[in-house]
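Participant:
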């Protein structure tokens, strides 16, 4: 991998991703395995619910977001290692044939206080549909390696 | 569905789930599709990383947690509709052949201020492995229907 080190990130930096089109078969396949609720499986049943029509599982949107993030230029050296999230919301349903893409923004960059070889970045990830509407917003923390310091003197 | 209404929840209530054993093939299949990083796919490559050996994608653990939650007695009437998470962390890797189960605790129960037919519950979900160690902790908010008030007297 040829990703970025902690020193390569700065608050305010932004990145974008490629696009992924989510079709009905993908939504139903994910839901069958992990989130088999009527509003993720059957459009007629979904119309009677809060969703007003078939919608992808939020965990499916989260998994697609992960995949898109891995293909972006934000990726740290060594890969994306999430330490956890401060926030994860789904402001709007993902519908069959929506085309998703990411807007990524670095919020904080912090060297570790105890481990000189790494640090953390805090990142806001907004997953947008083809109408530029957010369908997922997360604020997460990633573990990122530092460049090793130059060896001392001579 | 025959789930619970807002009035059936109270802070401090706890629920448990069944168990799910995660095998190597499941971990690799999920990772191939959504999180194709070496530490989720190949044990030898994973040994060189922070994970120290092959580990499931955190999003796979989250998806399994969703499935286990759906099979628990916590399920609200109408299903599990997540409004978002205040916290989501993976304190420890999930390894091939780990057996996962949930401990669920209701933290808050709030009627909606604007919509008389619903409310929210705040829920801490701890996903445990077979050694009773937490592998995922989340604090999330679910939309839950209220029992309709009795019609006013004639």
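Protein chains in written order, with my numbering: chain A, 17 to 170; chain B, 17 to 170.
A virtual CB, placed ideally from N, CA and C, is assigned to each residue, including glycine.
Source: prediction; values computed, not measured.
Going along the region 83-96 of chain A in order, which residues come within less than 8 angstroms of chain B, judged by CB to CB distance?
Facilitator: Hits within the stretch, in order: 83, 86, 94, 95, 96.
Participant: Hey, how far is the Cα of residue 135(B) from the Cα of residue 162(B)?
Facilitator: The residue you call residue 135(B) lines up with position 119 of the second chain. The residue you call residue 162(B) lines up with position 146 of the second chain. Roughly 7 angstroms between the two C-alpha positions.
Participant: Specify the secondary structure class of residue 12(A) as computed by DSSP and reduced to three states.
Facilitator: With chain A represented from 17 up to 170, any question about residue 12(A) goes unanswered, as that position is not in the structure.
Participant: Looking only at its chain, what residues have a beta carbon closer than 7 angstroms to the beta carbon of residue 75(A), apart from the 5 residues adjacent to it on each side?
Facilitator: As a first step, residue 75(A) is located in the first chain; it is residue number 59 there, counting from the start. Cβ within range, chain order: 50, 51.
Participant: At the 8 angstroms Cβ level, is residue 53(B) part of the contact set with chain A, yes or no?
Facilitator: Locating residue 53(B) in the second chain gives position 37, where the first residue counts as 1. It does; some Cβ of chain A falls within 8 angstroms.
Participant: For my contact list, residue 78(B) and residue 152(B) are in at a C-beta cut-off of 8 angstroms; report their separation, rounded to the angstrom.
Facilitator: By one-based count along the second chain, residue 78(B) stands at place 62. By one-based count along the second chain, residue 152(B) stands at place 136. Indeed, because the Cβ distance is near 7 angstroms, the residues count as touching under 8 angstroms.
Participant: Using beta-carbon positions only, say whether residue 105(B) and residue 100(A) come within less than 8 angstroms of one another.
Facilitator: Here the question's residue 105(B) lines up with position 89 in the second chain. Here the question's residue 100(A) lines up with position 84 in the first chain. Yes. Within cutoff.
Participant: Between the alpha carbons of residue 113(B) and residue 35(B), how many angstroms are there, rounded?
Facilitator: Residue mapping note: residue 113(B) aligns to position 97 of the second chain, counting from 1. Residue mapping note: residue 35(B) aligns to position 19 of the second chain, counting from 1. Using only the alpha carbons, I get a separation of about 12 angstroms.
Participant: Which residues of the region 41-52 of chain A have a Cβ closer than 9 angstroms to any Cβ of chain C? Give them in chain order.
Facilitator: You won't find chain C in this structure, because its protein chains are A and B.
Participant: Going along the chain, which residues of the region 25-37 of chain A sit with their C-beta nearer than 7 angstroms to a C-beta in chain B?
Facilitator: Listed by position, the residues of the region 25-37 of chain A near chain B (Cβ gap below 7 angstroms) amount to none.
Participant: From which residue to which residue does the beta strand (DSSP E) around residue 152(B) run?
Facilitator: Position 136 of the second chain, counted from the first residue, corresponds to residue 152(B). Here the beta strand (DSSP E) through residue 152(B) covers 150-161.
Participant: State buried or exposed for residue 69(A), treating a residue as buried only when at least 16 other CB atoms are found within 10 Å of its CB.
Facilitator: As a working mapping, residue 69(A) is identified with position 53 in the first chain. By the 10 Å Cβ count, residue 69(A) comes out exposed.
Participant: Closer than 8 angstroms, CB to CB, is residue 160(A) near chain B or not?
Facilitator: Your numbering for residue 160(A) matches position 144 in the first chain. Cβ-Cβ to chain B under 8 angstroms: no for residue 160(A).
Participant: If the cut is a Cβ gap below 8 angstroms, which residues of chain A does residue 105(B) touch?
Facilitator: Position 89 of the second chain, counted from the first residue, corresponds to residue 105(B). The contacting residues are 99, 100, 101.
Participant: Please report the residue range of the alpha helix (DSSP H) in which residue 101(A) lies.
Facilitator: Taking the first chain and counting its residues from 1, the one referred to as residue 101(A) is at position 85. Taken as a continuous stretch (DSSP letters only), residue 101(A) belongs to no alpha helix (DSSP H), being part of the beta strand (DSSP E) at 98-105.
Participant: Using a beta-carbon distance cut-off of less than 8 angstroms, what residues from the region 134-149 of chain A approach chain B?
Facilitator: So the list is empty, because no residue satisfies the distance condition.
Participant: State the Cα-Cα distance for the pair residue 44(A) and residue 164(A), rounded to the nearest angstrom.
Facilitator: If you number the first chain from 1, residue 44(A) lands on position 28. If you number the first chain from 1, residue 164(A) lands on position 148. Taking the straight line joining both Cα atoms gives about 46 angstroms.
Participant: To which residues does DSSP link residue 132(A) through a beta bridge?
Facilitator: Position 116 of the first chain, counting from 1, holds the residue named residue 132(A). Residue 132(A) pairs with nothing; no bridge assigned.
Participant: Hey, which unbroken runs of the beta strand (DSSP E) at 3 residues or more fall wholly within the region 17-72 of chain A?
Facilitator: Listed in chain order, the complete beta strand (DSSP E) runs (minimum 3 residues) inside the region 17-72 of chain A are 30-38.
Participant: Express the C-alpha separation of residue 147(A) and residue 54(A) in angstroms, rounding to a whole number.
Facilitator: The residue given as residue 54(A) occupies position 38 in the first chain. The residue given as residue 147(A) occupies position 131 in the first chain. Those two C-alpha atoms are separated by around 26 angstroms.
Participant: Quick one: which chain B residues come within Cβ less than 7 angstroms of residue 66(A)?
Facilitator: For this step, residue 66(A) is matched to residue 50 along the first chain. What residue 66(A) touches in chain B: 97, 159.
Participant: Would you call the CB atoms of residue 38(A) and residue 120(A) closer than 8 angstroms?
Facilitator: Numbered from its first residue, the first chain carries residue 38(A) at position 22. Numbered from its first residue, the first chain carries residue 120(A) at position 104. It is not a contact, given that the beta carbons lie outside the stated cut-off.
Participant: In the DSSP assignment, find the beta strand (DSSP E) that holds residue 86(B) and state where it starts and stops.
Facilitator: Here residue 86(B) refers to the residue found at position 70 when the second chain is read from its first residue. Element bounds for residue 86(B): not the beta strand (DSSP E) but the alpha helix (DSSP H), 74-86.
Participant: In whole angstroms, give me the CA-to-CA distance for residue 85(B) and residue 31(B).
Facilitator: Start at 1 with the first residue of the second chain, and residue 85(B) comes out as number 69. Start at 1 with the first residue of the second chain, and residue 31(B) comes out as number 15. Rounded to whole angstroms, residue 85(B) to residue 31(B) spans 9 angstroms at the Cα level.
Participant: Determine the contact status of residue 138(A) and residue 123(A), defining contact as a CB-CB distance below 8 angstroms.
Facilitator: Numbered from 1 along the first chain, position 122 holds the residue referred to as residue 138(A). Numbered from 1 along the first chain, position 107 holds the residue referred to as residue 123(A). In contact: residue 138(A) and residue 123(A) (Cβ atoms closer than 8 angstroms).
Participant: Looking at residue 125(A): is its Cβ nearer than 8 angstroms to the Cβ of residue 21(A)?
Facilitator: Sequence index remark: in the first chain, residue 125(A) carries index 109 (1-based). Sequence index remark: in the first chain, residue 21(A) carries index 5 (1-based). Not in contact: residue 125(A) and residue 21(A) (Cβ atoms no closer than 8 angstroms).
Participant: Could you name the residues that DSSP lists as bridge partners for residue 110(B)?
Facilitator: Residue 110(B) sits at position 94 when you count from the first residue of the second chain. Partner(s): none; residue 110(B) has no beta bridge.
Participant: List the DSSP bridge partners of residue 119(B).
Facilitator: Your numbering for residue 119(B) matches position 103 in the second chain. According to DSSP, residue 119(B) bridges with 32(B), 142(B).
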